[in-house]
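For what it's worth, the numbering used here labels the leading residue of the sequence shown as 6, then goes sequentially.
We treat Cβ as the ideally placed atom computed from N, Cα and C, and that holds for glycine.
Every value quoted in this text rests on a predicted model; they were computed, and no experiment measured them.
Worksheet: one structure, shown below.
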Amino acid sequence: MDTHKNTNKSNRYHEFIVWTIFCMCLVSTASADRTLVQAGAMNLLLEKEQEGVRVLSLFDNTTGQELLAPNTPPLFCIELRHAKTREQVTLAADTGWRRIEVSDADVSGRRFLSFGEPADERLKGISAKAKLQADSADSALTWDLQVTNNNEQWALWRIVFPQVAVKYLGEGSRVFLPQTAGIELSDMWDTPNKKGGTYPSGWTCMQYMAAYDAAGKTGLYIGMHDPFGSTKDIWVQGQPDQRAVTFRFEHPVPDMGKPGVDFDLPGQAKWQLLRGDWFDAATIYRKAVSREAKWWPALGPEGRTDTPQWIRELPAWVMTGGGPSDCVPRVRTFAKELDVPVGFHWYNWHQIPFDNDYPHYFPPKDGFAKGVAELKQAGVYAMPYINGRLWDTHNRQTEDWQFTKTALPAATKDEKGNPYTESYGSKEADGNSVRLAAMCPSTSLWQSRIRDIVLPLFNEYGVSGVYIDQIAAAQPHLCFDTSHTHPLGGGHWWTEGYWRMLDSIRAAKPADCMLTTECNAEPYIKWFDGYPTISEVEVR
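In structure tokens, the structure reads:
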């Protein structure tokens, strides 16, 4: 007897029975306003209602598992703001529309969900179109969204898309969230916790989430495949009253607050049937970013070809700081005891205090260049610290020396025109907290300022690397300075600004020197040779 063939027949019979029962359930409540979309082993059921469209079911027809929670949130929400009064209203996929169409699949399998003529007369001229592509091979659904705004009074503010609620999948079910090094949570169905944050940052470092059962037999991958690394908020929230977990992406609109501005989803959203756990979800995401992401580096047979060999082989690091006379002898002793090449992450090599009077790092402390040379002779690669984001608002002790007259025009600003400032515990001489302005990476002033710090460290002082703090750690600010060249608020100008800055530095730096930054936000990996990252894997 051929056991393998009989097992396959049994599996196919099981799938047939489950699918037949599912179809019978649909037929019992069927209407012309329901659309069934088949994507391999996953099936999506849409219902066209009087004022919108809602998702009724996400069904795994192999295991017979319904993935969608009851009362799932609308597929999208469009947050609008009145240009003058700043009143805010929301249009959702499932309500508030007079014209709704769900097309049949075209020859390529695409369907279009069209929404027009808002019931609120004030919102005339606003429409939306979602594109849905079924992928049978991967049991996946790919989404796109465009929002058209021909209204002269109301402006797009934020777009929530996609969002979906996954029901409890049984004992041991887990949620994956791209927080720090990635966290796996088992309590989200039972607590009202909300977790996530603004991408890209060290605390929201990638653009995908997942839910799956303990055995890895069924689950859902929820991803945004945005090749530009646009600013977005990524959230997962428990709903214990329904034993559901909601996943959503929120996109601040480029030129948010401007009437007549449209929105095109950057990249595509993807829901894919998941067989496995967080690792299998990661392979889905990796496949997408390796093909599409602007930040994916060129790889040879042994990895990066543009990174010096010494950094790829360096076995040990030491992190300390101070003047050369204090730290160089100790670091040399450390390297001698280990008897291997060592990297030295060098803090406080500059005369200014730490987190104070930035970005005026020069001149360095006495003997810095000599100390770097001594370390290099001892097999130690020096990598000094600088900050890649901040300018002190009182940048000569308690005096506003250059901030207002030089830096303020290039600082990120809120809607009122005030610079975003941050404090990290450092104090001015008068005891007040140091207030550091977050600079806008799109501005030529800030791009050239960082370049003019990094290149002399390489060319004049002989360091082997430079650690540019915070770039892959701190979240983007929504900058509303109209004198800058970027769209107001949302978009991918934040990442592109840093990309231009780092392109310029990498093109001019010595080939055997390297760059690193803090944490692990993904859209900068092409421009840095390493991410010194200290974070923990969380499983709860």
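* **3 or more residues per run - each beta strand (DSSP E) lying fully within the segment 136 to 211** => 145 to 154, 159 to 172, 179 to 182, 188 to 190, 199 to 204
* Asked: For residue 518, which residues does DSSP report across the bridge?
  -> Translated into the one-based positions of the sequence shown, residue 518 becomes position 513. Residue 518 pairs with nothing; no bridge assigned.
* Which residues in the same chain have their Cβ closer than 7 Å to the Cβ of residue 286, if we skip the five residues on either side of it in sequence? -> Stepping through the sequence shown from its first residue, residue 286 is reached at position 281. Excluding positions up to five away in sequence, the list reads 181, 213, 215, 226, 279.
* Can you tell which of 493, 476, 477, 478 has its C-alpha closest to the C-alpha of residue 484? -> Walking along the sequence shown from the start, residue 484 turns up at place 479. Check the Cα spacing between residue 484 and each of 493, 476, 477, 478: the tightest is with 493.
* To do: Return the residue from the list 141, 528, 157, 416 that minimises the CA-CA distance to residue 128.
  => Along the sequence shown, read from residue 1 onward, the residue named residue 128 stands at position 123. The shortest C-alpha separation from residue 128 is found at 157.
* If you count every other CB in all the chains shown that lies within 10 Å of the CB of residue 103, and 16 or more means buried, which is it? -> Numbered from its first residue, the sequence shown carries residue 103 at position 98. By the Cβ neighbour-count rule, residue 103 is exposed, with fewer than 16 other Cβ atoms within 10 Å of its own.
* Asked: Would you call the CB atoms of residue 283 and residue 145 closer than 8 Å?
  -> By one-based count along the sequence shown, residue 283 stands at place 278. By one-based count along the sequence shown, residue 145 stands at place 140. No, Cβ-Cβ distance for residue 283 and residue 145 is not below 8 Å.
* Asked: Using a Cβ-Cβ cut-off of 7 Å (strictly less than) and excluding sequence neighbours within five positions of residue 132, which residues of its own chain qualify?
  -> Counted from its first residue, the sequence shown places residue 132 at position 127. Counting only Cβ-Cβ distances below 7 Å, and skipping sequence neighbours, we find 120, 121, 153.
* Inspect the beta-carbon positions of residue 79 and residue 98 and report whether they are closer than 8 Å. => Along the sequence shown, read from residue 1 onward, the residue named residue 79 stands at position 74. Along the sequence shown, read from residue 1 onward, the residue named residue 98 stands at position 93. Yes, the pair counts as a contact, with Cβ atoms nearer than the cut-off.
* Can you tell me which of the three DSSP states residue 47 falls into? => Indexing the sequence shown from 1 puts residue 47 at position 42. If DSSP states are grouped into helix, strand and coil, residue 47 belongs with the strands.
* Asked: If you follow the alpha helix (DSSP H) that residue 463 is part of, which residue opens it and which one closes it?
  -> Locating residue 463 in the sequence shown gives position 458, counting from the first residue. Residue 463 -> alpha helix (DSSP H) spans 449 to 464.
* Excluding the five sequence neighbours on either side, which residues of its own chain have a C-beta within less than 7 Å of the C-beta of residue 294, listed in chain order? -> Residue 294 sits at position 289 when you count from the first residue of the sequence shown. Closer than 7 Å at Cβ, skipping near neighbours: 301.
* From 229, 270, 198, pick the residue whose C-alpha is nearest to that of residue 164; which is it? -> Residue numbering aside, residue 164 sits at position 159 when the sequence shown is read from its first letter. The residue with the shortest Cα to Cα distance from residue 164 is 270.
* Per-residue burial, residue 429 [other beta carbons within 10 Å of its own, 16 or more giving buried] -> Translated into the one-based positions of the sequence shown, residue 429 becomes position 424. With fewer than 16 Cβ atoms within 10 Å of its Cβ, residue 429 is classed as exposed.
* Asked: Would the beta-carbon of residue 396 fall within 8 Å of that of residue 444?
  -> By 1-based counting over the sequence shown, the position of residue 396 is 391. By 1-based counting over the sequence shown, the position of residue 444 is 439. Yes.
* **Coarse secondary structure for residue 113, derived from DSSP in three states** => For this step, residue 113 is matched to residue 108 along the sequence shown. Residue 113: coil per DSSP, three-state reduction.
* **Supposed close pair residue 175, residue 231 - CB separation, criterion 8 Å** => Taking the sequence shown and counting its residues from 1, one reaches residue 175 at position 170. Taking the sequence shown and counting its residues from 1, one reaches residue 231 at position 226. Contact between residue 175 and residue 231 is ruled out by a C-beta separation of about 32 Å, above the 8 Å threshold.
* Opposing strand residues paired with residue 65 [DSSP bridges] -> Stepping through the sequence shown from its first residue, residue 65 is reached at position 60. Answer by DSSP bridge pairing, in chain order: 47, 70.
* Asked: Name the DSSP bridge partner or partners of residue 397?
  -> As a working note, residue 397 is residue 392 in the sequence shown. Residue 397 is bridged to 441.
* Would you call the segment 477 to 491 and the segment 305 to 322 in contact, with 3 or more CB pairs under 8 Å? -> Counting C-beta pairs with one atom in each stretch, the segment 477 to 491 and the segment 305 to 322 have fewer than three that are closer than 8 Å, which means they do not touch.
* Asked: Quick one: what's got a C-beta closer than 6 Å to residue 168's C-beta in the same chain, skipping five residues either side?
  -> Sequence index remark: in the sequence shown, residue 168 carries index 163 (1-based). So the qualifying residues of the chain are 78, 253.
* Between residue 25 and the rest of its own chain, which residues show a CB-CB distance below 6 Å, the 5 nearest in sequence each way excluded? -> Numbered from its first residue, the sequence shown carries residue 25 at position 20. At residue 25, the pLDDT of 48 sits below 50, so the modelled position is not reliable and the matter cannot be decided from this model.
* Asked: Within the chosen definition, does the segment 112 to 119 reach the segment 237 to 251 through at least 3 CB pairs nearer than 8 Å?
  -> Output reads no: the segment 237 to 251 does not touch the segment 112 to 119.
* Asked: When the Cα atoms are used, what is the spatial distance from residue 361 to residue 200?
  -> Position 356 of the sequence shown, counting from 1, holds the residue named residue 361. Position 195 of the sequence shown, counting from 1, holds the residue named residue 200. Within the model, the alpha-carbon separation for residue 361 versus residue 200 is close to 32 Å.
* Any contact of the segment 502 to 512 with the segment 361 to 377, i.e. 3+ C-beta pairs under 8 Å? -> no
* To do: List the endpoints of the continuous alpha helix (DSSP H) containing residue 340.
  => Within the sequence shown, the letter at position 335 stands for residue 340. Counting along the chain, the alpha helix (DSSP H) containing residue 340 begins and ends at 329 to 343.
* Asked: Can we say the segment 339 to 356 touches the segment 426 to 440, given the rule of at least three CB pairs closer than 8 Å?
  -> no
* Through-space distance from residue 106 to residue 236, alpha-carbon basis -> As a position in the sequence shown, residue 236 is number 231, starting the count at 1. As a position in the sequence shown, residue 106 is number 101, starting the count at 1. Answer to the nearest angstrom: the Cα atoms are 30 Å apart.
* To do: Within 10 angstroms of the Cβ of residue 514, are there 16 or more other Cβ atoms? Answer buried if so, exposed if not.
  => Working through the sequence shown from its first residue, we reach residue 514 at position 509. Classification of residue 514: buried, given that the 10 Å Cβ count is 16 or more.
* Which of the three DSSP states, helix, strand or coil, is assigned to residue 418? -> Here residue 418 corresponds to residue number 413 of the sequence shown, with the count starting at 1. Strand.
* **Local Cβ density within 10 Å of residue 317, reported as buried at 16 or more and exposed below that** => Within the sequence shown, residue 317 is the residue found at index 312, counting from 1. It counts as exposed.
* Of all the options 365, 387, 371, which has the alpha carbon lying nearest to the alpha carbon of residue 398? -> Here residue 398 refers to the residue found at position 393 of the sequence shown. Out of 365, 387, 371, 365 has the C-alpha closest to the C-alpha of residue 398.
* **Start-to-end residues for the alpha helix (DSSP H) that takes in residue 243** => Mapped onto the sequence shown, residue 243 falls at position 238. Careful: residue 243 lies outside any alpha helix (DSSP H), inside the beta strand (DSSP E) at 237 to 244.
* Going by alpha carbons, who is nearest to residue 330 out of 50, 159, 166, 371? -> By one-based count along the sequence shown, residue 330 stands at place 325. Minimum Cα distance to residue 330 is reached at 371.
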